[in-house]
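The block underneath contains the structure these notes are about, expressed in structure tokens.
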Amino acid sequence: MFISSLTESQVISAILSIVVLLLGYLMGSLTSMISSDGNILTKILGCFDLYSPMQDFLNGVITLSNVVYYISLTAVFLFLTCQSIQKRRWNVSKKFIGTGIFSTGFIAVVVALVVFVNLIAEILTDKKNLKLDLTAQKYYEVSQDTIDYIKDVKKDVVIDVMYQKENFEKSSYMKMVLETLNKYQQNSDHIEVEFHDIVSEPDVINKYSDVYSGTIQQGSIVVACGDRVKVISSIDDLFTIDTSSYYQTGSSTITGYKGEQELTSAVMSVTDANPKKAAFITGYNGSSIYHSYNSNAVNSLYNLMNKNGYEISQIDILNDDLSPDDYDIVVLPAPVNDLTTDCISKLDDFLYNGGKLDRNMIYIADIFQYKTPNIDDFLEIWGIEVGDSVVYESNADKNQKVTISTGSAEAPIVSSVDDDFTSELSNTKLPIVAPVSRNINLLFDANVDRTTNSLLQTSDTAYLYPLNMKSVDEAKAEAAEQEQATSDAENSTEATEEETEATTKFDTETAEKATQNVMALAKKTNTENNETHTNNLLVIGGMSLVDPNLTSSATYNNAEFIVNAINQICGKENGIIIAEKSLTQTTIDITAAQITTIRRIIEYVIPLIVIAAGIFVYVWRKNR
Numbered sequence: 158m159f160i161s162s163l164t165e166s167q168v169i170s171a172i173l174s175i176v177v178l179l180l181g182y183l184m185g186s187l188t189s190m191i192s193s194d195g196n197i198l199t200k201i202l203g204c205f206d207l208y209s210p211m212q213d214f215l216n217g218v219i220t221l222s223n224v225v226y227y228i229s230l231t232a233v234f235l236f237l238t239c240q241s242i243q244k245r246r247w248n249v250s251k252k253f254i255g256t257g258i259f260s261t262g263f264i265a266v267v268v269a270l271v272v273f274v275n276l277i278a279e280i281l282t283d284k285k286n287l288k289l290d291l292t293a294q295k296y297y298e299v300s301q302d303t304i305d306y307i308k309d310v311k312k313d314v315v316i317d318v319m320y321q322k323e324n325f326e327k328s329s330y331m332k333m334v335l336e337t338l339n340k341y342q343q344n345s346d347h348i349e350v351e352f353h354d355i356v357s358e359p360d361v362i363n364k365y366s367d368v369y370s371g372t373i374q375q376g377s378i379v380v381a382c383g384d385r386v387k388v389i390s391s392i393d394d395l396f397t398i399d400t401s402s403y404y405q406t407g408s409s410t411i412t413g414y415k416g417e418q419e420l421t422s423a424v425m426s427v428t429d430a431n432p433k434k435a436a437f438i439t440g441y442n443g444s445s446i447y448h449s450y451n452s453n454a455v456n457s458l459y460n461l462m463n464k465n466g467y468e469i470s471q472i473d474i475l476n477d478d479l480s481p482d483d484y485d486i487v488v489l490p491a492p493v494n495d496l497t498t499d500c501i502s503k504l505d506d507f508l509y510n511g512g513k514l515d516r517n518m519i520y521i522a523d524i525f526q527y528k529t530p531n532i533d534d535f536l537e538i539w540g541i542e543v544g545d546s547v548v549y550e551s552n553a554d555k556n557q558k559v560t561i562s563t564g565s566a567e568a569p570i571v572s573s574v575d576d577d578f579t580s581e582l583s584n585t586k587l588p589i590v591a592p593v594s595r596n597i598n599l600l601f602d603a604n605v606d607r608t609t610n611s612l613l614q615t616s617d618t619a620y621l622y623p624l625n626m627k628s629v630d631e632a633k634a635e636a637a638e639q640e641q642a643t644s645d646a647e648n649s650t651e652a653t654e655e656e657t658e659a660t661t662k663f664d665t666e667t668a669e670k671a672t673q674n675v676m677a678l679a680k681k682t683n684t685e686n687n688e689t690h691t692n693n694l695l696v697i698g699g700m701s702l703v704d705p706n707l708t709s710s711a712t713y714n715n716a717e718f719i720v721n722a723i724n725q726i727c728g729k730e731n732g733i734i735i736a737e738k739s740l741t742q743t744t745i746d747i748t749a750a751q752i753t754t755i756r757r758i759i760e761y762v763i764p765l766i767v768i769a770a771g772i773f774v775y776v777w778r779k780n781r
């Protein structure tokens, strides 16, 4: 409208309008060409950037600066249009020279005022976080747990992002990372975020050469506090990427945002005043100690501990040292085979710690195990027995069907027995589920120096489904028999199947119902010179309790409960569990009744309103 007021030619007006709009669209790129770091000139020119504010609206974010921008832009061009129309009435004479000068000065003042107002609005938006996130999962916000933790950070933390800042404004995904980093700065005076282009600033990575031996590259995010450094190798690591469609479409799909968990965990790791070191047993004489079916669950537990500040080393229980001087806790995740007596002695020596105790252990049983008599004897000393059955729930209200890495499973909803392990949960209403978990029996409540406690229990309507636990030799013999059976006649095979079905038939109705333990804690204490020293053995009935489908979901409390339990036995401050934010597109389902209602509004209500308004205007004008 303003440009149309400057000329009577519609063609010229259209061309000039296109040029102005194009400049407004490209203003972000033009300012980045002037300065990659930003200065006062780029801030002023940024006020005429038409693209970036609209992107925020399209992403579902309403900010004070953007609202002020569009309102002020509309107001200033309406003002300029009025000034342009009035100017046509002026004559080029001495009489009107003063008027023209005054009008020009007035325009300059108004434009300067608008620029100033936008600058102030931008500063207030950044400093006071005057933004409204309207997205379904609050993609551009951070959790209250993160805010509370960030506010309590007392050490100076530098987050060096090896990527140009302006690149974060061009993508809704990158914008999430930028907003997360902004929240850290807004809520802490001790956290500073800096952006670098290592192509033009190659020396920026040299300051970490003495404290970090890994690779820092373009796209890396370095979180540093003193001489402690945590590196997120790529911005892509802040997202969950589904590569299954790559071979069909040639591109992968971003399905989730996990940047808040990754960045907050990095800050926790470098600021932890008392970092705990964990020995994660993953090997046995060069081979994996656990079944391949449990790989995802083992990795999930590893990541949970790593993201909550544990310094983890993977070890081979047969070949590597397990010194209590090097580690605070050892994790034994569902060994397929039994351990040798020498390996058991390693665990004993680690926990005993030369008589000083204060060492801890996590043992996870599972259904994918052979008989483990040596491990069973070790647990028995601690007053714990892992049963040879799977825990199921007969009460539908206490049961939940879940999806885990190995498929769908019926998962009993379990509850905490000890309030000390639930008091720090952010949402106690979320369920904890225990799919395909073995039962845990407590052999005693207390003896001379040890006590046992149940941490997670089922309801009293749970029952046990017996496992056909075998030794390695028995399994090999059975495998040989099955191989022989497959080479027999078809009728022999059918007879074998009928026999197997008869022997494995289980009646859930008549099965004994009782409360079952799926997680337990044993403690050994020693008091010397008025000082109490404690060993903790945490036993979990199944790897599926830490399956990534459960620990990464905001629906269950599995991750937070288990992390809090580990932190408590290690004497570590409570961790933060932040669920991944799904980025998959959802559709709005509409019912047949809703379709009918919408159709009637369009076909009848709106036309009647228009007709009624027309009649009203006609009558009103006629009576004038």
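Residue numbering for the sequence shown follows this note's numbering, starting at 158 and increasing by one per position. All C-beta atoms, glycine included, are put in the ideal place defined by N, C-alpha and C.
Starting from residue i, follow its DSSP beta bridges and name the residues at the other end.
i, result
"L489", "Y520"
"I589", "V571"
"G698", "Paired residues: none, contrary to the question."
"R595", "V547"
"G413", "T397, S739"
"V268", "In DSSP, V268 forms no bridge with anything."
"F243", "Phe is not the amino acid found at residue 243; the sequence shown has Gln there. For Q243, which the question treats as bridged, DSSP gives no partner whatsoever."
"C500", "Answer by DSSP bridge pairing: none, since C500 is not bridged."
"G564", "I561"
"D290", "V218"
"K285", "The partner list for K285 (beta bridge, DSSP) is empty, contrary to what the question assumes."
"A711", "In DSSP, A711 forms no bridge with anything."
"H690", "N683"
What number of angstroms, rounded off, separates the C-alpha of residue i from the C-alpha of residue j?
i, j, result
"A646", "A722", "A caution first: A646 carries a pLDDT of 49, below 50, which makes its placement in the model unreliable, though a value can still be read off. Distance between the alpha carbons of A646 and A722 is about 55 Å."
"Y441", "A634", "23 Å"
"D602", "L678", "11 Å"
"S562", "V315", "37 Å"
"T397", "E419", "12 Å"
"A659", "I733", "Per-residue confidence for A659 stands at a pLDDT of 41, beneath the threshold of 50, marking its modelled position as unreliable; the derived number appears in the next sentence. Taking the straight line from one Cα to the other gives about 49 Å."
"T406", "Y520", "43 Å"
"V299", "D577", "27 Å"
"V559", "N453", "16 Å"
"L183", "I191", "13 Å"
"G376", "I392", "6 Å"
"V318", "I373", "10 Å"
"G699", "I469", "21 Å"
"V386", "D346", "19 Å"
"M333", "E323", "13 Å"
"V168", "T188", "30 Å"
"E669", "T615", "14 Å"
"I307", "D384", "20 Å"
"R607", "L536", "12 Å"
"H353", "I389", "15 Å"
"N363", "V427", "19 Å"
"L612", "N724", "14 Å"
Run the CB neighbour count on residue i, radius 10 Å, all protein chains shown included, and call it buried at 16 or more, exposed below.
i, result
"F437", "buried"
"E336", "buried"
"E358", "exposed"
"A171", "exposed"
"I755", "exposed"
"E417", "buried"
"I160", "buried"
"E651", "In this prediction, E651 scores a pLDDT of 49, lower than 50, which makes its location untrustworthy; no coordinate-derived value is stated."
"Y620", "buried"
"V762", "exposed"
"D523", "buried"
"E737", "buried"
Which residue comes first and which comes last in the alpha helix (DSSP H) that contains residue i?
i, result
"N453", "452-464"
"V767", "763-780"
"I726", "715-727"
"I160", "159-163"
I'd like the span of the beta strand (DSSP E) that includes residue i, first residue to last.
i, result
"R607", "607-614"
"T684", "674-685"
"I348", "348-352"
"P623", "619-623"
Could you tell me whether the Cβ of residue i comes closer than 9 Å to any Cβ of chain D?
i, result
"N706", "Protein chain content of the structure displayed is limited to a single chain, and chain D is not contained in it."
Using 8 Å as the threshold, is the stretch 528-548 in touch with the stretch 584-598, meaning 3 or more CB pairs across them? Result yes; three or more Cβ-Cβ pairs closer than 8 Å.
The stretch 285-293 contacting the stretch 212-221, beta-carbon criterion three pairs below 8 Å: At 8 Å Cβ cutoff, the stretches touch.
Could you tell me whether the stretch 508-517 touches the stretch 455-473, where touching means 3 or more Cβ pairs closer than 8 Å? Contact between the stretch 508-517 and the stretch 455-473 is not established, with fewer than three Cβ pairs separated by less than 8 Å.
With three or more C-beta pairs closer than 8 Å as the rule, is the stretch 704-716 touching the stretch 581-589? Two segments are said to touch when three or more pairs of C-beta atoms, one from each, lie closer than 8 Å; by this definition the stretch 581-589 touches the stretch 704-716.
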